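Take a look at the structure set out below.
Protein chains: 2
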Amino acid sequence: MTATPTPRVTIKDVAARAGVSKGAVSLAFNRKPGLSEATRDRIFRAARELGWAPSSTARTLAGSRVDVVGLAVCRPARLLGLEPFYMEFISGVESVLVERSCALLLRLVRNPDEEVGLLESWWRGRQIGGSILVDFRADDPRPAVAERLGLPVVAVGHPSLTDGLTSVWTDDATAVAEAVRYLAALGHRRIARVGGAAELGHTSIRTTAFDEAVRALRPAARAWQVATDFSGDAGARATRSLLAAGPGERPTAIVYDNDIMAVAGLSVAAEMGLRVPEDVSLLAWDDSQLCRLTHPTLSAMSHDVHGFGAEVARTLFGVITGEGPGSHPVPTPVLTPRGSTAPP
Amino acid sequence: MTATPTPRVTIKDVAARAGVSKGAVSLAFNRKPGLSEATRDRIFRAARELGWAPSSTARTLAGSRVDVVGLAVCRPARLLGLEPFYMEFISGVESVLVERSCALLLRLVRNPDEEVGLLESWWRGRQIGGSILVDFRADDPRPAVAERLGLPVVAVGHPSLTDGLTSVWTDDATAVAEAVRYLAALGHRRIARVGGAAELGHTSIRTTAFDEAVRALRPAARAWQVATDFSGDAGARATRSLLAAGPGERPTAIVYDNDIMAVAGLSVAAEMGLRVPEDVSLLAWDDSQLCRLTHPTLSAMSHDVHGFGAEVARTLFGVITGEGPGSHPVPTPVLTPRGSTAPP
DNA sequence: GCACGTCACTGAACCGGTAAAGTCTCTATT
DNA sequence: AATAGAGACTTTACCGGTTCAGTGACGTGC
Numbered sequence: 245m246t247a248t249p250t251p252r253v254t255i256k257d258v259a260a261r262a263g264v265s266k267g268a269v270s271l272a273f274n275r276k277p278g279l280s281e282a283t284r285d286r287i288f289r290a291a292r293e294l295g296w297a298p299s300s301t302a303r304t305l306a307g308s309r310v311d312v313v314g315l316a317v318c319r320p321a322r323l324l325g326l327e328p329f330y331m332e333f334i335s336g337v338e339s340v341l342v343e344r345s346c347a348l349l350l351r352l353v354r355n356p357d358e359e360v361g362l363l364e365s366w367w368r369g370r371q372i373g374g375s376i377l378v379d380f381r382a383d384d385p386r387p388a389v390a391e392r393l394g395l396p397v398v399a400v401g402h403p404s405l406t407d408g409l410t411s412v413w414t415d416d417a418t419a420v421a422e423a424v425r426y427l428a429a430l431g432h433r434r435i436a437r438v439g440g441a442a443e444l445g446h447t448s449i450r451t452t453a454f455d456e457a458v459r460a461l462r463p464a465a466r467a468w469q470v471a472t473d474f475s476g477d478a479g480a481r482a483t484r485s486l487l488a489a490g491p492g493e494r495p496t497a498i499v500y501d502n503d504i505m506a507v508a509g510l511s512v513a514a515e516m517g518l519r520v521p522e523d524v525s526l527l528a529w530d531d532s533q534l535c536r537l538t539h540p541t542l543s544a545m546s547h548d549v550h551g552f553g554a555e556v557a558r559t560l561f562g563v564i565t566g567e568g569p570g571s572h573p574v575p576t577p578v579l580t581p582r583g584s585t586a587p588p
Numbered sequence: 245m246t247a248t249p250t251p252r253v254t255i256k257d258v259a260a261r262a263g264v265s266k267g268a269v270s271l272a273f274n275r276k277p278g279l280s281e282a283t284r285d286r287i288f289r290a291a292r293e294l295g296w297a298p299s300s301t302a303r304t305l306a307g308s309r310v311d312v313v314g315l316a317v318c319r320p321a322r323l324l325g326l327e328p329f330y331m332e333f334i335s336g337v338e339s340v341l342v343e344r345s346c347a348l349l350l351r352l353v354r355n356p357d358e359e360v361g362l363l364e365s366w367w368r369g370r371q372i373g374g375s376i377l378v379d380f381r382a383d384d385p386r387p388a389v390a391e392r393l394g395l396p397v398v399a400v401g402h403p404s405l406t407d408g409l410t411s412v413w414t415d416d417a418t419a420v421a422e423a424v425r426y427l428a429a430l431g432h433r434r435i436a437r438v439g440g441a442a443e444l445g446h447t448s449i450r451t452t453a454f455d456e457a458v459r460a461l462r463p464a465a466r467a468w469q470v471a472t473d474f475s476g477d478a479g480a481r482a483t484r485s486l487l488a489a490g491p492g493e494r495p496t497a498i499v500y501d502n503d504i505m506a507v508a509g510l511s512v513a514a515e516m517g518l519r520v521p522e523d524v525s526l527l528a529w530d531d532s533q534l535c536r537l538t539h540p541t542l543s544a545m546s547h548d549v550h551g552f553g554a555e556v557a558r559t560l561f562g563v564i565t566g567e568g569p570g571s572h573p574v575p576t577p578v579l580t581p582r583g584s585t586a587p588p
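Protein chains in written order, with the working numbering: chain A, 245 to 588; chain B, 245 to 588.
Okay, structure coming up:
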């Protein structure tokens, strides 16, 4: 177990072995002109024999590109693990990064200030070549920071939240309106929404859109909205209190802001002796595979989270290579009716 | 949007501003002796005014510690997103890293060879100070590589798989045996297991343990085992084929290797008109919050995946700071009976 | 036959830090 | 009064690459 570790091989060793200078090795490995075929081959052979590959740290310091992108997430560690969205999003990001031999630097932070500090230090330390920004809030400091630093970023969120940054976003307002119209078309007139964290920008976009959509209904409908922390437990609590009222008073349909809460809602309904969808309709959001695994299956506002992550990563590469700011909508979540929604 | 980005401020700027040399700034920021209080204060003030923090890239190159740990995962991107285990594990890891201002470098790889190459290049390039190794296979090349490189690693897996590396592991064999004995005690004599990916070491440990545990039963019992890719769809398929046989022929209890597959199994049972737990008992593994959200709730072999990740991270820091190899068992998954198991 | 270009490569400076050795000043000791 | 030693910094040499201004050698045109 304690064999002497192999000493680190450096560019100097390769140069010596190939009988050239460090500079020549560098030229060869960066596919720059100015070397004969023969020399190039000799260098590659020497590198292979020594098992050498350039140190990306040194390379970075010397001023070339950085093959790492950052992702700071400001949510409690425990909640992160519970939320299928994130892992699927990250897997989508990775699917693009992997093609470019790029790694993802992931860090949880406890508050927005810490995130700003982290971005600064990552960027100044050349730890990252760019960053993905998620979970925008009102008056988010990050657009200003990114601009001041010249840090290439892509914002995940509606352009109204991201202050001119290149953004990738889904049209949640339209999706919420569609959800409401769908439930109304089924005949529901008492509709509730179990939303996400109130401080997040996309939550308030959905909240406003929900309000408007319900107000637009004729005949008039009644609405409830509750904020949660996205956890299943919070979803269960919210559902329980919504359904506690008498049969003529409680909502007949509930829209959730993610699918974990919808699954929780499903079991709360069962526990309260209510049938889904006969007594109450449930509509999930995000639509991970979970929605197809419950019984009844969950109707959902469905979108391709994996593809969303991939698009974010591609867009980030665009920004890094100097593309100007842009707004990249990805497809609006589409209503996917399954077994949990029906006329009241 | 195109304000000139702030030029990067370096240690030299801070030194100039404080009226000292680079070396003095370095001493101050590394809390080394040899500076007067007054000078130290002046340096910190200058740094604060300029908004400077040391570049970890440069610091790394110059040979001090690295504040990044690696995690290469060799699974298809899509599956990763579906598996609650991973995100929860990672969140546990992060919860410890964040205390030490350490980031996680995450990379998906397509095959074990790519992972080996990545570890080599990360380590030689001083990109990481250590790495977490997961998903051990038979004859895994990584222990030899880690030793050859002198790379600090902690292996997530049973010591029999990890060849002398410091390892953190759950006693899956005991847990499988407990699961089988529990089902047998309920009266089940036809027991199936829907396992994970066959090529993974921990899967074969569970497979063997399951076989042995069933063979030890008196009166004798009948067993089935199926391998999957851990996805809900695969779990559903496996369940469907297990339950397709006639009432006297099919298993009366099924153990799953994760909880996504158990949730899938639950809905397959419903779809086939079988009641859980009256007609068939289901037992999940890992026990994310999902198991408490289904109806009926899922009995599970429960363990604290978040805490597991945290322990792995702590152990890795131990290895990095020079602790000798060790074996760190974390608590064996414990049977948590809920609504999905009952006498046949 | 000689100036001129081009090609292939070298050498040195530099990126932003760390670490060890060197310098200078001031105090305590003999 | 001379000397040793400690304290407070500064200087310098790296770390492992990239980059760019040279340097010869060789081919070409007139």
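Even for Gly, the Cβ is constructed at its ideal location relative to N, Cα and C. Owing to the predicted nature of the structure, the values given are computational and were not obtained by experimental measurement.
Would the beta-carbon of B:Ala316 fall within 8 Å of that of B:Arg351? It is a contact, given that the beta carbons lie within the stated cut-off.
The alpha helix (DSSP H) with A:Pro569 in it runs from where to where? It is not in any alpha helix (DSSP H) - A:Pro569 carries neither H nor E in the DSSP assignment.
Using the DSSP secondary-structure output, state which residues sit across from A:Leu527 in a beta bridge. Paired residues: A:Val499, A:Ser543.
In angstroms with no decimal places, state the Cα-to-Cα distance between B:Arg466 and B:Arg434. Going by the C-alpha atoms only, they are around 5 Å apart.
Cutting at 6 Å between CB atoms, please list the residues of its own chain near A:Ala442, excluding the five before and the five after it. When the five nearest sequence neighbours on each side are left out, the beta carbons in the same chain lying within less than 6 Å of the beta carbon of A:Ala442 are those of Ala471, in order along the chain.
Taking C-beta pairs closer than 9 Å, name the residues in chain B that A:Leu324 reaches, listed in chain order. Residues of chain B whose Cβ lies closer than 9 Å to the Cβ of A:Leu324 are, in chain order, Met331, Glu332, Ile334, Ser335, Glu338.
Kindly indicate if chain B contains any beta-carbon less than 8 Å away from that of A:Thr301. Output row for A:Thr301: interface = yes.
Is there a Cβ of chain B sitting closer than 8 Å to that of A:Thr472, yes or no? Taking 8 Å as the threshold, the shortest C-beta distance from A:Thr472 to chain B does not fall below it.
Just grab the DSSP bridge partners of A:Arg381 for me. The partner list for A:Arg381 (beta bridge, DSSP) reads A:Leu444.
Whether A:Gly476 touches A:Val507 by CB criterion (8 Å): The answer is yes: Cβ separation under 8 Å.
With 8 Å as the threshold, decide whether the Cβ of A:Val412 is near any Cβ in chain B. So no, A:Val412 is outside the interface.
Compute the distance between the beta-carbons of A:Ala557 and A:Val424, then report whether it is under 8 Å. No, the pair does not count as a contact, with Cβ atoms beyond the cut-off.
Whole angstroms is fine: what's the gap from A:Glu358's alpha carbon to A:Pro385's? C-alpha of A:Glu358 to C-alpha of A:Pro385: approximately 11 Å in a straight line.
In chain B, which residues lie with their C-beta within 8 Å of the C-beta of A:Thr304? Chain B residues near A:Thr304: Thr301.
Contacts of A:Gln371 in chain B (Cβ-Cβ under 7 Å): Listed along chain B are Ser300, Thr301, each with a C-beta nearer than 7 Å to that of A:Gln371.
Name the chain B residues whose beta carbon is nearer than 8 Å to that of A:Val507? Listed along the chain, the chain B residues whose CB falls inside 8 Å of the CB of A:Val507 are Leu534, Leu537, Thr538.
Residues near A:Ala489 in its chain [Cβ-Cβ closer than 8 Å; skip 5 each side]: Excluding the 5 residues flanking it on each side, A:Ala489 has no same chain C-beta neighbour closer than 8 Å.
The region 338-362 of chain A: positions lying closer than 7 Å to chain B by Cβ: Answer in chain order: Glu338, Ser339, Val342, Ala347, Leu348, Leu349, Leu350, Arg351, Leu352.
Output the residue ranges of the alpha helix (DSSP H) runs that lie fully inside the region 300-346 of chain B and measure 4 residues or longer, sorted by chain position. As far as the region 300-346 of chain B is concerned, its whole alpha helix (DSSP H) runs of at least 4 residues are 300-305, 321-326, 328-341.
Out of A:Arg582, A:Pro540, A:His550, A:Ile376, which has the shortest C-alpha to C-alpha gap to A:Gly575? Contrary to the premise, residue 575 of chain A reads as Pro rather than Gly in this sequence. Nearest of A:Arg582, A:Pro540, A:His550, A:Ile376 to A:Pro575, Cα basis: A:His550.
Quick check: the region 527-544 of chain A against the region 451-469 of chain A, are at least 3 beta-carbon pairs closer than 8 Å? Because the criterion of three Cβ pairs below 8 Å is not met, the region 451-469 of chain A and the region 527-544 of chain A do not touch.
Using a 10 Å radius around the Cβ and a threshold of 16 neighbouring Cβ atoms, would you call A:Gly517 buried or exposed? Classification of A:Gly517: exposed, given that the 10 Å Cβ count is below 16.
8 Å Cβ cutoff, A:Arg292 in contact with chain B: It does not: the Cβ of A:Arg292 has no partner Cβ on chain B nearer than 8 Å.
Rounded C-alpha distance that separates A:Leu323 from B:Val337: One C-alpha to the other measures close to 14 Å.
Return helix, strand or coil for B:Ala488, following the three-state DSSP convention. Note: B:Ala488 maps to coil in three-state DSSP.
Whole angstroms is fine: what's the gap from A:Thr304's alpha carbon to B:Leu305's? Looking at the two C-alpha atoms, the distance is approximately 10 Å.
Could you check the C-alpha separation between B:Arg289 and A:Pro356 for me, to the nearest Å? Within the model, the alpha-carbon separation for B:Arg289 versus A:Pro356 is close to 24 Å.
Taking CB distances under 8 Å as the criterion, tell me whether B:Gly570 reaches chain A. No - not a single Cβ of chain A is within 8 Å of the one on B:Gly570.
Contiguous beta strand (DSSP E) assignments of at least 3 residues, all confined to the region 411-472 of chain A: Listed in chain order, they are 411-413, 434-439, 466-471.
Does DSSP classify A:Arg351 as helix, strand or coil? Three-state result, A:Arg351: strand.
Across which residues does DSSP place A:Leu534 in a beta bridge pair? For A:Leu534, which the question treats as bridged, DSSP gives no partner whatsoever.
Of all Cβ atoms in chain A, is any one closer than 8 Å to the Cβ of B:Arg434? With 8 Å as the cut-off, B:Arg434 does not count as an interface residue toward chain A.
Given a limit of 8 Å on CB to CB distance, which residues of the region 494-518 of chain A reach chain B? Here the close residues are Ile504, Val507, Ala508, Leu510, Ser511, Ala514, Glu515.
Give the residues of chain B in contact with A:Ser365, contact being defined as C-beta atoms less than 7 Å apart. Taking a Cβ-Cβ cut-off of 7 Å, the neighbours of A:Ser365 in chain B comprise Ala297, given in sequence order.
Closest by C-alpha distance to B:Ser270, when choosing among B:Cys318, B:Ala259, B:Glu327: For B:Ser270, the nearest C-alpha among the options comes from B:Ala259.
The region 536-543 of chain B touching the region 319-335 of chain B, judged by at least three CB pairs closer than 8 Å: The region 536-543 of chain B makes no contact with the region 319-335 of chain B; the number of CB pairs closer than 8 Å stays below 3.
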